[in-house]
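Asks: Numbering (the working numbering), first residue to last: 21 to 278. My questions will all concern the structure given below.
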Ligand code: ADP
């Protein structure tokens, strides 16, 4: 009897191992499918700006053959279009490279104690295309504490959220604000803007690759920034949330434990 039960439990173990192996193989298959889907999307996204560059260069070639004063204006327009498209590819490639690093698990946290208010204050006076009419105000609530984090990664998070806040705010709309709220167990940073906002139906899509809201019009973007934001915040065991209303504005809040 003993050996009978022994044999049965051996078979049981073997079946469990088999199941585990099958699960692993399915997971690997899913991952590979995801990877090739991702690469497909990226190459598609790269092709569109490249087609724009090519047609502008071809037009410039013709214009330059018979350039006179009236054509100079046209050629300047195409030079700036080429520059825009090149910048877009650069931005996209940057994000793809970071995502690649994330995928291969090459990002390690380099944690230090950060004077959060001082570091975030930098965003309110310099950086990212701030003009006189676009001064970003910073508000602090609670008792400021030092927070442990990888500042390089978190700087990327706040740069991303703030440049979005500026990008999706029209010239005649109120400038974005930074609000820091020190609670007892965590700190919350809200990047609040009074810009174009996000349509309700699009809110749940924003943290997926290449998804952009339906109201972006001709505002440039890759649709990859928020994924990196979410990933970097979660690496710090934090959370990111968004509240938004179309034509009223958006608030992105990052919550980080001390
Ligand atoms: P993008 O490069 O397109 O800005 P993100 O991943 O940073 O990519 O954002 C995804 C989308 O979320 C944007 O395309 C835009 O539709 C929307 N979005 C993000 N931030 C804001 C904001 N502050 N105001 C309005 N829409 C925003």
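All C-beta atoms, glycine included, are put in the ideal place defined by N, C-alpha and C. It should be emphasised that the depicted structure is a prediction, and the values quoted were computed from it without experimental measurement.
In the DSSP assignment, find the alpha helix (DSSP H) that holds residue 272 and state where it starts and stops.
Replies: Where residue 272 is concerned, there is no enclosing alpha helix (DSSP H), although the beta strand (DSSP E) it sits in stretches over 269-277.
Asks: Pull up the CB-CB distance for residue 136 and residue 156, whole angstroms please, since I reckon it's below 8 Å.
Replies: Going by Cβ atoms, the distance from residue 136 to residue 156 rounds to 16 Å, so no, they are not a contact pair.
Asks: Check whether the Cβ atoms of residue 276 and residue 113 lie closer than 9 Å to each other.
Replies: no
Asks: Which residue marks the beginning of the alpha helix (DSSP H) containing residue 179, and which one marks its end?
Replies: 171-187
Asks: Between residue 134 and residue 169, what straight-line distance do the alpha-carbon atoms span, to the nearest angstrom?
Replies: When the Cα atoms are used, residue 134 and residue 169 turn out to be separated by approximately 7 Å.
Asks: Please look up how many angstroms separate the CB atoms of residue 171 and residue 132, rounded, as I've assumed it's under 8 Å.
Replies: 6 Å
Asks: Express the C-alpha separation of residue 59 and residue 120 in angstroms, rounding to a whole number.
Replies: 10 Å
Asks: Of the choices 181, 111, 193 and 164, whose alpha-carbon is the least far from that of residue 69?
Replies: 111
Asks: Who are residue 247's beta bridge partners in DSSP?
Replies: Answer is none; residue 247 lacks a bridge partner.
Asks: Roughly how many whole angstroms lie between the Cα atoms of residue 267 and residue 233?
Replies: Each residue's Cα considered, the two are about 13 Å apart.
Asks: Answer yes or no: do residue 262 and residue 223 have a C-beta to C-beta separation smaller than 9 Å?
Replies: Yes, Cβ-Cβ distance for residue 262 and residue 223 is below 9 Å.
Asks: If you draw a straight line from the alpha carbon of residue 245 to that of residue 228, how long is it in whole angstroms?
Replies: If I take the Cα positions, the gap works out to 10 Å.
Asks: With a threshold of 6 Å on Cβ separation, who are the neighbours of residue 76 within its own chain once the five nearest residues in sequence on each side are excluded?
Replies: The residues are 98, 101 and 102.
Asks: Is residue 253 closer than 9 Å to residue 177 when the C-beta atoms are compared?
Replies: Their beta carbons are under 9 Å apart, which means residue 177 touches residue 253 by this criterion.
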